Structure formats: structure tokens, C-alpha cells
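Notes follow once the structure below has been shown.
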Amino acid sequence: MRISRLFVIICLLAMTALPQAAYGHSSIEKTSPSSGEVMNQSPQAIEVWFGDYVDIYKDSITVAGNKKADVLLEPPEFAPGDRQHVMSKLKKPLPSGKYTVTVSVISIDSHPLKSSFQFEVKNPNPSPEERFDNLQLARMSPSDGEIASSSPAELHLWYTEEAKITAFGVFDDKGKGVPLEEPAIDPADSKHHIVKVKETLHPGTYSVHVYAGIGHQEKPDVYYFAVGAYTPIQTGNSIPADHLLSVNKLQALGHWLSYAGLLMLAGIAFFQVVIARGTGDSGRIRKASYLLFATAILGFAVDLWLSRTEHEAVRLSELISFPFFWVPLLQMALLSAGFWLFAGKTRLVLLLLAAAAWAFTGHSVSPVYGGYVGIALGTLHIFAAAIWCGGIAALLLMAPQDEAESWLRRAGASFSKWAFASVIVVAASGVWMTLKYVPAFTLESFCASNWGKMVIVKGVSLLGIAALGYWQRRHLARLAALAARFVRNLRIELLAGWIALAAAAVAVDQSPREAEQGIVPKTVIADGVRASASITPLQTGTNDIRIRFDRGDFTRVRIALSMPPNERKEDTAFSLGNGEYGLTGTVLHSPGTIYMEVTAAKEDGSIAAFPFEIRVPGVERH
Numbered sequence: 010m011r012i013s014r015l016f017v018i019i020c021l022l023a024m025t026a027l028p029q030a031a032y033g034h035s036s037i038e039k040t041s042p043s044s045g046e047v048m049n050q051s052p053q054a055i056e057v058w059f060g061d062y063v064d065i066y067k068d069s070i071t072v073a074g075n076k077k078a079d080v081l082l083e084p085p086e087f088a089p090g091d092r093q094h095v096m097s098k099l100k101k102p103l104p105s106g107k108y109t110v111t112v113s114v115i116s117i118d119s120h121p122l123k124s125s126f127q128f129e130v131k132n133p134n135p136s137p138e139e140r141f142d143n144l145q146l147a148r149m150s151p152s153d154g155e156i157a158s159s160s161p162a163e164l165h166l167w168y169t170e171e172a173k174i175t176a177f178g179v180f181d182d183k184g185k186g187v188p189l190e191e192p193a194i195d196p197a198d199s200k201h202h203i204v205k206v207k208e209t210l211h212p213g214t215y216s217v218h219v220y221a222g223i224g225h226q227e228k229p230d231v232y233y234f235a236v237g238a239y240t241p242i243q244t245g246n247s248i249p250a251d252h253l254l255s256v257n258k259l260q261a262l263g264h265w266l267s268y269a270g271l272l273m274l275a276g277i278a279f280f281q282v283v284i285a286r287g288t289g290d291s292g293r294i295r296k297a298s299y300l301l302f303a304t305a306i307l308g309f310a311v312d313l314w315l316s317r318t319e320h321e322a323v324r325l326s327e328l329i330s331f332p333f334f335w336v337p338l339l340q341m342a343l344l345s346a347g348f349w350l351f352a353g354k355t356r357l358v359l360l361l362l363a364a365a366a367w368a369f370t371g372h373s374v375s376p377v378y379g380g381y382v383g384i385a386l387g388t389l390h391i392f393a394a395a396i397w398c399g400g401i402a403a404l405l406l407m408a409p410q411d412e413a414e415s416w417l418r419r420a421g422a423s424f425s426k427w428a429f430a431s432v433i434v435v436a437a438s439g440v441w442m443t444l445k446y447v448p449a450f451t452l453e454s455f456c457a458s459n460w461g462k463m464v465i466v467k468g469v470s471l472l473g474i475a476a477l478g479y480w481q482r483r484h485l486a487r488l489a490a491l492a493a494r495f496v497r498n499l500r501i502e503l504l505a506g507w508i509a510l511a512a513a514a515v516a517v518d519q520s521p522r523e524a525e526q527g528i529v530p531k532t533v534i535a536d537g538v539r540a541s542a543s544i545t546p547l548q549t550g551t552n553d554i555r556i557r558f559d560r561g562d563f564t565r566v567r568i569a570l571s572m573p574p575n576e577r578k579e580d581t582a583f584s585l586g587n588g589e590y591g592l593t594g595t596v597l598h599s600p601g602t603i604y605m606e607v608t609a610a611k612e613d614g615s616i617a618a619f620p621f622e623i624r625v626p627g628v629e630r631h
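Take the sequence shown: its position 556, counting from 1, is numbered 565 in the working numbering, and each next residue is one higher.
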């Protein structure tokens, strides 16, 4: 009864303390047509490349035209042998006009991922809307990335189309505005705009913010120049994070119930077959097993119900083909068969198979997070957790009333060896998976993510368990004689294990990428030139990007930052001398993976390209 009451209290605490919002975590790396692309003729297919494996269904790709009418497409399919490349062929060519592509897939951790982008089939007789789409800031003076020798009296802008400047501002490296006159159009060239500066600019970097429009539409541009010397722009930075109270409590509770129920049942079966071998009190453990079975089934039922409600647009016949749906069904079947139909070694095998199925869902199945090695280590991680957690429960419940001390001494000594090995396996596999999931991070970025917080909770719980278990092993003979103290310590270990499982239940729906922080790779070699990149600070907000080349004379260096499918910005870097180039301003707008391509133009006209990936920490907003 005491165990049952304690279990109910833990469940109630979990319902109030296990928070978490579920987001989709696969990222779009590329699309064809690309976002904003203007095409001379209709594409033959819509193609999308993802950073991780995804699952698709009938309406995963849809295309709407100018009048919101759907475009006829073939059902989406994966490119041969590539579950990260999805395509849908057009049934007939598209006429001129703008088109919106909506992408709806299911990420590797079972959450919906939705995104959209636009492209255009060009009309030879442009309308005002089409002219607006072609509007670009072609050049400026002082130019983007230029270090002017003295303060300019005027700023000049040339556009590709006749446009009206609706807003214009210049700010220094501290964010202070510069006094300006109203923009004026050059009488000799209607695409040329002139803005006079009312005061002398002090040395440093300046950002120019301008809005230009045609008709009722307008678009922004930002570029940078410096006077006398380059200085980083300074304003605030932060790592966007979600509070744990934003976590989906019901989802985390469902995971936790299934983890606690199935892992403890599997561990108890292992204890009975390998350690107890027919000894001990089977009556109490049988009653507890009914409670654990009901707990696991309830957890799986909650998971399945939430998956169905989260993907209402997907037909049930399609939904059941996704691993995050059919794996829990398989686990329920294996659990039920092992619990009701078999005993002994057969029950143990079935329960371990049910637990191992978790390793075939979530992040570990993706090659990005380890693939087959990740699945193997994940399986060992699960088995070790089951042996340890279920073994403690068995020690608490199976001690016979007669000769309890001798039984605890004998069974405890055998179990302590397995528990010690299990803790080592859990720790080693956990460290490997953490480093594989998040290869580049800082303590700040790790702690800012909910995934990182839960990994820390698991680690602290494991350390506490290891310390207490080691102490108990050292004093096993004496503690067995003091059964009350021995049982109390076991209960503390079991509670720590439940906390670790609760942390795992929260972490399973979090994205490890939210904890990443760094540049990958640090250096790139192209055309015999080595380029290295650094960013200070590497957080959302204003940043200072430095590119260093080991040799080579370049006439211009451009830095393009993009987050497919829609975000892309390209600027000219400031030449700082000795092969170093800089770019400053609000260049990292949001968390996630930002693709940076550095292009360096040589004097002979050739261009060398240096690709980098910037892992910006924080919770992505969807």
C-alpha cells in the first residue's frame, strides 16, 4: 500500500511538474524552385530537401496559384534511396503567375513540420506587382562594406526599378540615429535617390535602413559602411529559450508512464530470472506488476491519442504506417503477450523487445544522430536502465519476511554487480549520444535549451544514484542487517530513477539542435586558400563576423546568410587588412542552423566559395 500511495503521489507531481511544448525539428535545407525564384518557364516538379529523415503523406506538398486555386500534383514521393529528399511532379505546366508551395511533413520525432515558400513564372509584360518583385537596391555610395576615408556629405542609392523611398535611417555603432534630409530623386535618373547628411559622422561603422515601394507595396534593405575604421555594432544579444512550464504536460506524462511501467516490468523480470531464480516473496511483486502493466498501457494510450489529435489531417491508414504510431502499438502487443501469456525467460525476452523498440524511434534512427550505432547504443541504454530500475523495485518488494537479512545480503550482492555495470553503460552511452546529438555547444547554450536542462537533470540523478549505490555496495553486509536503512536507501535510489525517467520523458520531444552553438567547420579550403570563421557573440542579435584567409588578394568578399526556404541576405564584407574581413550588424536573426557562404572574388575574375554552417542556440519559433 505504501508503494502504491508513493506511486500515485509521483504521478500527481508529474502532472504538475512535467511541462513541454512540442515542435517539429527537421529543417528544410533546400527547395526547387528556390524561395522567391523567378522562372522563365514552369518547373516540372516541386522538390524539398530536409536535414533529417521525414515521413510524408498525400497532402505533404500542395501548390496554390494567384487565385488560391490548387495546382494539380502527383502524390509526393521520396527520391530513390533518400528519405531526406521529397518531390511531387506537376501534372501540367504552370501558366505565368505567382505560386505558393505549402510543405507539411512529419519530423523524425513525430511532430508536424509546416513551411511555405513562393516562386514565380515570369510574365513578359510586368504589372506593378511584378515590377515590385523585381525591385532591388542595385548599388549605393558609400557602398556596402566600404570604409570611407572621410565623412560623406551625401548618400546615394540606385534601384533597378522606379520606386519611392518611404523610410530612411542611418544609425551609428551604438544605435544612435544620424540627422538627415529627406530623400530626393535625381532629375537625370529617376532610379537614383540622394540623401544629404546634416552633420559630420564620427569614425566607426554605420547601418543604413531603407524602405522602398511601388504602389502599395514596400520592401526593406539594410547595408553597412564605415568612416575611417571598422567597428562592431553593439546592441543586446540573447539566447531565445522556452520555460519548462511551456512543456506539454500530458505528452510528457504519457512518455513517463510508459517508460516507468515497461522498464520496471522488464527489470523485474530480469531480476526474477537471472538474480532471484525462484527465491523471494512473489506475492507483493505480482500485485505491483499489475499496477506497472496498467501504468505502461495508460502511457502508450496517451501517446497514441495525442499523436492522432496532433495529426488530424492525416488519414488513419497513413498514420499507422509512421514509426511514432505503429511502434507504440507493437510495444503494447509485446507487453501484453509477455505479461499475460508467458512467464520466465520468454516473458523477459518479450518485455526487453518491447523496451528495445524505443531505440527505433526518435532522433537515433537518423544518420545525423548516429544511425545504426545510435540505435545499438540506445538499446543498451534502455536495457541498462531497465535492469537497474526494475532491480531496485524487485529488491524492495521481494524480500521475504523470514530470513530477510540473508536474502537481501545474497540477492543484493548479486544485483549490485549488475547495477554497477548498468550505471556505467547508461553513463557511457548517454555521454556518447549527447556529444553525437550536440557536437558543438557551450554551457550557456546547453542550459538555455529544454533538452539540455533535462540531460543535466538525468546526469545529476545518475551521479546521485551511482554515489548511493557505491556506498551501499561498500557497506552491504552491515546494511543488510539493518533492513530498514537498506530499504530506505533503495527507495531514495528508486525515486532518483523516476526523476531521471521524467527528465527523459520531457527530453524526448525536445530538439537537441536547440543546444548547439558553434561554426561547422571551423576552416574551409577552396582553390588552395584556407578560410576560417568566427562570430562574436554567437547568439541572436547583433554580431561581429570575422573571416580570415591564410593567403590571397581579393577584390571583394561577400557573405551570404540563409535559412531555407525563405530567409537569405547577402552583404559585402569590410576589408580589415592582412587577409581579414568583417561583417557586423543584426546578422543572426533567429535560432537554428544558418548557412553561411563566403565568396571571394580574385583579380582574375574567378570566385572561390567557402561554405560554413552556423549553429545558433535557442528555441526555434514555429
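Heads up, the beta-carbon is just placed ideally off N, CA and C, and yes, glycines get one too. Just so it is clear, the structure is predicted and the values come from calculations on it, not from any experiment.
CB contact flag (residue i, residue j, <8 Å)
i           : j           : result
residue 206 : residue 187 : yes
residue 189 : residue 177 : yes
residue 458 : residue 519 : yes
residue 546 : residue 460 : no
residue 402 : residue 277 : yes
residue 590 : residue 556 : yes
residue 240 : residue 184 : no
residue 610 : residue 564 : yes
residue 111 : residue 127 : no
residue 505 : residue 268 : no
residue 463 : residue 379 : no
residue 119 : residue 601 : no
residue 362 : residue 343 : yes
residue 542 : residue 621 : yes
residue 471 : residue 498 : no
residue 129 : residue 107 : yes
Residue range of the unbroken beta strand (DSSP E) whose run includes residue i
i           : result
residue 41  : 37-41
residue 527 : 527-529
residue 612 : First-last for residue 612: undefined, no H or E at that position.
residue 260 : Careful: residue 260 lies outside any beta strand (DSSP E), inside the alpha helix (DSSP H) at 258-279.
residue 558 : 549-558
residue 91  : 91-98
residue 619 : 616-625
residue 577 : 576-581
residue 540 : 538-545
residue 565 : 563-572
N- and C-terminal bounds of the alpha helix (DSSP H) containing residue i
i           : result
residue 418 : 413-446
residue 318 : 291-319
residue 455 : 452-457
residue 327 : 325-328
Candidates the options, of which the one nearest residue i by Cα
i           : options               : result
residue 54  : 101, 92 and 63        : 101
residue 145 : 201, 530 and 467      : 201
residue 115 : 321, 229, 106 and 196 : 321
residue 67  : 91, 97, 59 and 89     : 97
residue 105 : 95, 74, 214 and 337   : 74
residue 291 : 410, 390, 222 and 358 : 410
residue 182 : 210, 463, 512 and 164 : 210
residue 419 : 594, 284, 613 and 329 : 284
residue 612 : 599, 586, 566 and 598 : 566
residue 246 : 95, 218 and 596       : 596
residue 307 : 516, 332, 318 and 271 : 271
residue 329 : 313, 344 and 343      : 313
residue 561 : 579, 537, 543 and 577 : 537
residue 224 : 214, 174, 624 and 250 : 174
residue 141 : 129, 130, 72 and 170  : 170
residue 295 : 172, 310, 274 and 305 : 274
residue 332 : 343, 344, 316 and 345 : 316
residue 231 : 56, 473, 578 and 452  : 578
residue 208 : 234, 159 and 250      : 159
residue 525 : 473, 81, 599 and 450  : 450
Nearest-angstrom beta carbon gap, residue j and residue i [assumed within contact, 8 Å]
i           : j           : result
residue 38  : residue 573 : 6 Å
residue 168 : residue 193 : Not quite, the Cβ-Cβ distance comes to about 14 Å (not below 8 Å), so this is no contact.
residue 252 : residue 203 : 49 Å between Cβ atoms; not a contact.
residue 532 : residue 242 : Actually they are not in contact, since the Cβ atoms of residue 532 and residue 242 sit about 26 Å apart, beyond 8 Å.
residue 390 : residue 439 : 6 Å
Give, in chain order, every unbroken run of the beta strand (DSSP E) that is at least 3 residues long and sits entirely within the segment 108-146. For the segment 108-146, whole beta strand (DSSP E) runs of length 3 or above, ordered along the chain, are 121-130.
Kindly provide the ranges of any beta strand (DSSP E) runs that are 3 or more residues long and lie completely inside the segment 53-77, ordered along the chain. If we require 3 residues or more, the beta strand (DSSP E) runs fully inside the segment 53-77 come out as 54-59 and 70-73.
What ranges does the alpha helix (DSSP H) occupy inside the segment 336-392, keeping only unbroken runs of at least 4 residues that lie completely in it? Correct list: 353-365.
3 or more residues per run - each beta strand (DSSP E) lying fully within the segment 142-174: List check, beta strand (DSSP E) in window: 146-150 and 163-168.
Start-end ranges of the beta strand (DSSP E) lying completely within the segment 162-233, minimum 3 residues: Counting whole runs of 3 or more residues, the segment 162-233 contains the beta strand (DSSP E) stretches 163-168, 173-180, 193-195, 198-205 and 213-223.
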